[in-house]
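**Student:** For the sequence shown, the UniProt record's numbering assigns the number 537 to the last residue and increments by one with no breaks.
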Amino acid sequence: MTDSNKVSQMVWDQVQSRSSSGNHPLVSGHPNRPIPKLMVCSILFVSLTYLLYTLKLLTTSAQQTFNHTPFTSYLRRSTSFTSAPLILNQTAVTAPPHHGGRDVREKQKVVMQMEQAPPKPKPTEIHDVVFGIAASSKLWQQRKEYIKIWYKPNQMRGVVWLDDRVKYSAQDNRTLPPFRVSSDTSKFPYTNRKGHRSAIRISRIVTETLRMKMDNVRWFVMGDDDTVFITANLVRILRKYDHTQYYYIGSLSESHIQNIFFSYGMAYGGGGFAISYPLAKALAKMQDRCIQRYPSLYGSDDRMQACMAELGVPLTKELGFHQYDVYGNLFGLLAAHPVTPLVSLHHLDVVEPIFPNVSRVQALQRLMLPTKLDSSGIMQQSICYDKTKSWTISVSWGFAVQVFRGIFSPREIEMPSRTFLNWYKRADYTAYAFNTRPVSRNPCQKPFVFYMSSVRMDSELNKTVSEYERHHVPHPLCRWKMANPNELETVIVHKKPDPHLWDRSARKNCCRAMESKERRRMVIDVGVCKDGEVSEI
Numbered sequence: 001m002t003d004s005n006k007v008s009q010m011v012w013d014q015v016q017s018r019s020s021s022g023n024h025p026l027v028s029g030h031p032n033r034p035i036p037k038l039m040v041c042s043i044l045f046v047s048l049t050y051l052l053y054t055l056k057l058l059t060t061s062a063q064q065t066f067n068h069t070p071f072t073s074y075l076r077r078s079t080s081f082t083s084a085p086l087i088l089n090q091t092a093v094t095a096p097p098h099h100g101g102r103d104v105r106e107k108q109k110v111v112m113q114m115e116q117a118p119p120k121p122k123p124t125e126i127h128d129v130v131f132g133i134a135a136s137s138k139l140w141q142q143r144k145e146y147i148k149i150w151y152k153p154n155q156m157r158g159v160v161w162l163d164d165r166v167k168y169s170a171q172d173n174r175t176l177p178p179f180r181v182s183s184d185t186s187k188f189p190y191t192n193r194k195g196h197r198s199a200i201r202i203s204r205i206v207t208e209t210l211r212m213k214m215d216n217v218r219w220f221v222m223g224d225d226d227t228v229f230i231t232a233n234l235v236r237i238l239r240k241y242d243h244t245q246y247y248y249i250g251s252l253s254e255s256h257i258q259n260i261f262f263s264y265g266m267a268y269g270g271g272g273f274a275i276s277y278p279l280a281k282a283l284a285k286m287q288d289r290c291i292q293r294y295p296s297l298y299g300s301d302d303r304m305q306a307c308m309a310e311l312g313v314p315l316t317k318e319l320g321f322h323q324y325d326v327y328g329n330l331f332g333l334l335a336a337h338p339v340t341p342l343v344s345l346h347h348l349d350v351v352e353p354i355f356p357n358v359s360r361v362q363a364l365q366r367l368m369l370p371t372k373l374d375s376s377g378i379m380q381q382s383i384c385y386d387k388t389k390s391w392t393i394s395v396s397w398g399f400a401v402q403v404f405r406g407i408f409s410p411r412e413i414e415m416p417s418r419t420f421l422n423w424y425k426r427a428d429y430t431a432y433a434f435n436t437r438p439v440s441r442n443p444c445q446k447p448f449v450f451y452m453s454s455v456r457m458d459s460e461l462n463k464t465v466s467e468y469e470r471h472h473v474p475h476p477l478c479r480w481k482m483a484n485p486n487e488l489e490t491v492i493v494h495k496k497p498d499p500h501l502w503d504r505s506a507r508k509n510c511c512r513a514m515e516s517k518e519r520r521r522m523v524i525d526v527g528v529c530k531d532g533e534v535s536e537i
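In structure tokens, the structure reads:
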């Protein structure tokens, strides 16, 4: 029995008892009048009203509990009478419930903000990059041929900065960036007796290029007139970084002595380095004052690093920028390229042509052929074995293939062989900033080298087909009881282009020695390693 019913019963009992006992009536008047019944009805009405009010409170509480359920549940229940796309498109005008509507409106606001969030910036493209190329008027006629190899005027932006005016032919205007003469730097002190004060002029190229006020620039890339860029891989590297932040990207010298003498925290300018637009703006505001403080420094790149240190910006190292402070033959370095995109080559006038029996320019032009088909895979090393013949095979795609008698571990083959000499001629192989190995420890283990001669795309197989021809040099007579690679004349390599190679974690591709019907020809397949596939000895 409810409280209101108890109250009504008690009042009725009191009325009955008083009437039956002959006490005074509740109100004055004749005892037979109906006034007490009216009062009882009033009390009953009040009790009923109280009961209804209580039930109303309970109903309201249940409604609020429903409205506080997660917004996704509310949408899920609504799908019984409204399609999901309609709800998402009409979140701004959906009528909030009468109770608990604040939470629903806040969640609707979050959904609207997510829908109205600004789109992510487009990935960096080559037209977002501006090249600043340091050049010398005395060497211009020779060095400009290197720039023509990689620079595309209809796709790229850049400026050649010279110390004096040079003649530009009609062909130069079609194939080269425009040139400018650097501003006078005679006001800046230079006290290094071994260097040249042109270093000051070159160190200001990024600032002078910025002051040309080009539109929509994300990155400034510095290089020399004897630097060759693989621009597709340069873009791949720059896409990894936020161009709205301060970034100073480059790499070190191959010479440990050079890095000790200058800095292990400095990007070497010949190999090229990249500076984000905001950092270039910050540099331009203080560089002239900064240069004044370092008159004794040798070159341009150490002056740049000194200013980066004052700005508090460290070097972000990318191993694909190559200074190549070496002499001789780059074969050992290129055939064992690190697992990173090849971005640049430098000091091309100092080293031998990277392909034999051709000029330096012709060799670089040949390198660009596979780059056009699969730039991400250029120079990438794969190691495999022909166990039936006991051969070790190393493929540097787009460059060269090596075949060794015997079985070598991948750990050894991925080390550069010492086909080059140190920048400091009195230094030995211990003066490099990386591990190296001898060309061979035994005359019978001297590699048979095959250089790339041609490359094409097989549209039916959707694979590149590159051909590598034997480079004939004397080999000692070897009496090892195993197949003789001396019989090989050609190596054919099949490889599917992989533009997303560097979107995944760094890993070498795998190679497989395939059956060949021709005795003098080897066929190799290169591609992404399959599950469980390793270069096992």
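All C-beta atoms in this analysis are idealised placements derived from N, C-alpha and C, irrespective of residue type, glycine included. Just so it is clear, the structure is predicted and the values come from calculations on it, not from any experiment.
Starting from D226, trace the alpha helix (DSSP H) in both directions and tell me its first and last residue.
**Tutor:** Looking at the DSSP string, D226 is not in any alpha helix (DSSP H), and its letter there is neither H nor E.
**Student:** Use the C-beta contact count for T388: other C-beta atoms within 10 angstroms, 16 or more gives buried, fewer gives exposed.
**Tutor:** Classification for T388: exposed.
**Student:** I'd like to confirm the pairing. Which residues does DSSP put opposite M514 in its beta bridges?
**Tutor:** Answer by DSSP bridge pairing, in chain order: V523.
**Student:** Apart from the five residues on each side of it in sequence, which residues of its chain come closer than 7 Å, Cβ to Cβ, to Y151?
**Tutor:** Hits under 7 Å: G158, L176 and P177.
**Student:** So what's E489 in DSSP terms, helix, strand or just coil?
**Tutor:** Correct three-state label for E489: coil.
**Student:** Pull up the distance between the alpha-carbon of D349 and that of L252, whole angstroms please.
**Tutor:** So the two alpha carbons sit approximately 19 Å from each other.
**Student:** Assign R411 to one of three DSSP states: helix, strand, or coil.
**Tutor:** Helix, per DSSP.
**Student:** Round the Cβ separation of G398 and M452 to the nearest angstrom and send it over; I've been treating them as touching at under 8 Å.
**Tutor:** The Cβ separation is near 6 Å, so the contact holds.
**Student:** Can you tell which of C41, E489, K213 and D226 has the C-alpha that lies nearest to the C-alpha of K148?
**Tutor:** The candidate whose alpha carbon is nearest that of K148 is D226.
**Student:** Quick check on DSSP: helix, strand or coil for N442?
**Tutor:** Looking at N442 - three-state DSSP - the assignment turns out to be coil, as it is neither helix nor strand.
**Student:** Identify which residue in E208, R201 and I354 has its Cα closest to the Cα of S136.
**Tutor:** That would be R201, whose Cα lies nearest to the Cα of S136.
**Student:** Does the beta-carbon distance from P497 to K463 come in below 9 Å?
**Tutor:** Closer than 9 Å, so yes.
**Student:** Tell me, which residues are paired with V166 by DSSP?
**Tutor:** Looking at the DSSP assignment, V166 forms no beta bridge with any residue, so it has no partner.
**Student:** Restricting to Cα atoms, I'd like to know which of H472, E460, R289 and E352 is closest to E487.
**Tutor:** Answer by Cα proximity: H472.
**Student:** Please specify which runs of the alpha helix (DSSP H), each continuous and at least 4 residues long, are wholly inside the segment 235–276, giving them in chain order.
**Tutor:** Counting whole runs of 4 or more residues, the segment 235–276 contains the alpha helix (DSSP H) stretches 256–261.
**Student:** Count Cβ pairs between the segment 345–359 and the segment 317–336 that sit closer than 8 Å; are there 3 or more?
**Tutor:** Touching, yes, given that three or more Cβ pairs across the two stretches are closer than 8 Å.
**Student:** Would you list, in sequence order, the uninterrupted alpha helix (DSSP H) runs of no fewer than 4 residues that lie entirely inside the segment 282–346?
**Tutor:** Entirely contained in the segment 282–346, the alpha helix (DSSP H) runs reaching 4 residues are, in chain order, 300–311 and 331–335.
**Student:** Any idea which residues DSSP pairs E469 with across the strands?
**Tutor:** BP columns for E469 point to Y451 and T490.
**Student:** Quick one: what's A134 bridged to in DSSP?
**Tutor:** A134 is bridged to W161 and D224.
**Student:** Alpha carbon to alpha carbon, how far is P314 from C307? Give it in angstroms, no decimals.
**Tutor:** The straight-line gap from Cα to Cα measures roughly 11 Å.
**Student:** Specify the secondary structure class of T464 as computed by DSSP and reduced to three states.
**Tutor:** In this structure, T464 counts as strand in the three-state DSSP scheme.
**Student:** Looking at the structure shown, is A433 part of a helix, part of a strand, or coil, going by DSSP?
**Tutor:** In this structure, A433 counts as coil in the three-state DSSP scheme.
**Student:** Going by DSSP, which residues form a beta bridge with V403?
**Tutor:** Its beta-bridge partners are I393 and F448.
**Student:** Should T54 be labelled buried (16 or more other beta-carbon atoms within 10 Å of its own) or exposed?
**Tutor:** T54 comes out exposed.
**Student:** Would you call E414 buried or exposed, if buried means 16 or more other Cβ atoms sit within 10 Å of its Cβ?
**Tutor:** Classification for E414: buried.
**Student:** Taking the DSSP output, what are the residues bridged to Y385?
**Tutor:** Bridge partners of Y385: T392.
**Student:** Whole-angstrom Cβ separation of W502 and P341, contact assumed at under 8 Å?
**Tutor:** Yes, W502 and P341 are in contact; Cβ-Cβ is about 6 Å, under 8 Å.
**Student:** Please report the distance separating the alpha-carbon of E125 from that of G265.
**Tutor:** Roughly 27 Å separates the two Cα atoms.
**Student:** Assuming V217 contacts V130 under a Cβ cut-off of 8 Å, what Cβ separation, rounded to an integer in Å, is found between them?
**Tutor:** At roughly 5 Å, the Cβ-Cβ gap stays under 8 Å, so V217 and V130 are in contact.
**Student:** Could you pull the DSSP bridge partners for L421 from this structure?
**Tutor:** Paired residue(s): Y327.
**Student:** Check each candidate in L297, N509, M379 and Y268 and name the one with the smallest Cα separation from residue 620.
**Tutor:** Only positions 1 to 537 of the chain appear in the structure, and residue 620 is not among them; the question remains open.
**Student:** Excluding sequence positions up to five away, which residues of its chain have a Cβ less than 6 Å from the Cβ of F408?
**Tutor:** If we look at F408 and ignore the five residues flanking it on each side, its Cβ neighbours are T392.
**Student:** State whether the segment 374–384 contacts the segment 501–516, with contact taken as three or more CB pairs (one from each stretch) at a distance under 8 Å.
**Tutor:** Segments in contact, yes.
**Student:** Ends of the beta strand (DSSP E) at V181?
**Tutor:** F179 to V181 is the span of the beta strand (DSSP E), which, as asked, contains V181.
**Student:** Have a look at L139 and V493 and give me their C-alpha separation to the nearest angstrom.
**Tutor:** Going from the Cα of L139 to the Cα of V493 covers about 39 Å.
**Student:** Which residue wins for smallest C-alpha separation from H243, given the options I249, Y277, A232 and M212?
**Tutor:** Ranking I249, Y277, A232 and M212 by Cα distance to H243 puts Y277 first.
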